[in-house]
Structures are given as C-alpha cells and as structure tokens.
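Read through the structure below, which is laid out as structure tokens, and then see the notes.
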Ligand code: 2DT
Ligand code: MG
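Numbering (full-length UniProt numbering), first residue to last: 16 to 227.
In structure tokens:
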C-alpha cells in the first residue's frame with residue numbers, strides 16, 4: 016500500500032421515523048463491524064451531552080418551549096459543534112455509524128411547516144453521508160411498537176409529514192430498507208450495505224459536503 020492514498024472511514028447514517036428501530040440497529044451494526052476488525056464509532060444526533068444538546072433534550076422532553084426556527088438552528092449547531100471531530104475521525108480511517116443526522120433536521124422541521132429549502136441551508140457545508148440507510152416503516156406500524164408517544168413528535172399525523180419530507184431528500188446515497196421485518200432480517204441488509212460503502216471509501220472515495 017503506498018502513494019499516500021487516503022484510507023478514510025465511511026459516514027454511515029441511519030434515518031427513519033420514530034420507532035423504526037434505528038437505535039438498536041445502529042448498535043448491532045457498529046458491534047458487527049467492530050467484530051470484523053473495522054475501526055468504527057457509534058454516534059447519534061442530537062448529541063445530548065453538550066450544552067446545546069441539553070437545551071435540545073429539555074425541548075424534546077417538553078420541559079421547555081422554543082420557536083420552531085430557533086430549535087431548528089440549535090439542532091444544526093449541535094452538528095456543527097461536532098464537525099471537526101467527525102471529519103478528523105473519518106480521515107483517520109474510522110467509520111461512523113450515526114443514529115440520525117441532517118436529514119432528520121430537515122424532515123422534522125419541515126413537517127412543522129418551516130420552508131423545506133430554508134431548513135436545508137444551515138446544514139450546507141457539513142460532511143455528507145456516504146450512505147443513508149433509511150428504515151422504512153408505515154407510521155401506523157411504528158405507532159404499535161413499545162413506548163410510542165413518550166416524546167414530542169411521536170404522533171402518526173406528524174410522522175406522516177416527516178416521511179414525505181424524507182422522501183424528498185432521497186438521492187443515490189440512500190438505500191431504502193423495509194423496517195417491517197425481523198430485527199435480524201433488517202440487520203442483514205444493513206451489514207451488507209455498510210460493508211460495501213466502507214470498502215468504497217477505503218479505496219479513495221472523496222468526502223462530500225451537504226448538499227451534493
Ligand atoms: P431520538 O433521540 O429518539 O432519535 O429523538 N430531530 C432530530 C430533529 O427534529 N432535528 C434534528 O436535527 C435531529 C437530529 C427527531 C430525537 C428527536 O429529535 C428530532 C426525533
Ligand atoms: Mg425518539
């Protein structure tokens with residue numbers, strides 16, 4: 016191996032409606048890849064550990080109210096504050112498996128009625144995902160899963176609008192995965208797609224920025 020070829024990690028994002036299974040699938044995917052000897056970190060947005068993340072967290076648990084545009088920009092700022100670390104980690108060869116990203120930012124805020132293009136603007140310049148794994152589920156099916164409705168947004172009518180905005184962001188980096196299958200069946204699809212994109216990034220694919 017030579018010539019200073021960059022062997023960067025892949026930015027792999029899981030997206031989908033609430034209760035589509037993202038968090039457990041992320042965990043399983045990251046540990047599978049690690050078991051295969053890949054350098055992988057598991058991330059999530061919002062990152063509730065930062066000062067901005069704590070404001071977001073109290074908004075989500077409905078202990079505080081914020082203007083729709085203001086909370087939109089806080090979600091975005093929560094990604095910007097992690098941008099340098101995200102990029103340096105990827106460039107060091109570590110792949111990231113991320114539970115939600117800018118696509119959630121746009122889909123959820125647009126579902127509240129904010130302008131779709133306006134919602135995309137603050138994300139411009141962040142690293143683009145190499146692969147978006149969209150866990151596709153009908154809002155009515157998600158609503159039958161455990162603990163639905165404990166947080167803001169977990170209402171079928173709202174989730175239906177979120178789904179339509181997600182749909183408007185689909186491009187060639189997206190893979191739509193039927194999430195109304197067993198946990199293992201879904202995981203199998205994710206593993207194969209993730210392994211492929213990690214290989215592609217290792218062989219020198221350029222890191223792109225939002226919105227390509
Ligand atoms: P979870 O932590 O359960 O995924 O819920 N959201 C998320 C936004 O509105 N904008 C964003 O930028 C992001 C990342 C989706 C988080 C909730 O916050 C919403 C559900
Ligand atoms: Mg949730």
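Backbone N, C-alpha and C fix where the C-beta goes; we use that ideal spot for every residue, glycine too. Here the structure is a predicted model, which is why all the values come from computation and not from measurement.
Confirm, please, whether the CB-CB distance from residue 204 to residue 194 is below 7 Å. no
Residue(s) in a DSSP beta bridge with residue 27: Residue 27 is bridged to 112 and 146.
Between residue 108 and the rest of its own chain, which residues show a CB-CB distance below 7 Å, the 5 nearest in sequence each way excluded? 22, 23, 24 and 54
Out of curiosity, what's the CA-to-CA distance linking residue 179 and residue 118? 12 Å
Assuming residue 59 is part of the beta strand (DSSP E), what are its boundary residues? 55-59
Residue environment, residue 99, which counts as buried when at least 16 other CB atoms sit within 10 Å: exposed
Is it buried or exposed for residue 18, if we count other Cβ within 10 angstroms and need 16 for buried? Note that residue 18 scores 45 on pLDDT, short of 50, meaning its location in the model is unreliable; the coordinates nonetheless yield the value given after this. That one is exposed.
Could you check whether the stretch 137-148 touches the stretch 165-180, counting it as contact only if at least three pairs of C-beta atoms, one from each stretch, sit closer than 8 Å? no
Nearest by alpha-carbon distance to residue 196: which of 157, 225 and 209 is it? 157
Taking contact to mean at least 3 C-beta pairs separated by less than 8 Å, is the stretch 112-126 in contact with the stretch 27-44? yes
CB of residue 84 within 7 Å of CB of residue 67, strictly: no
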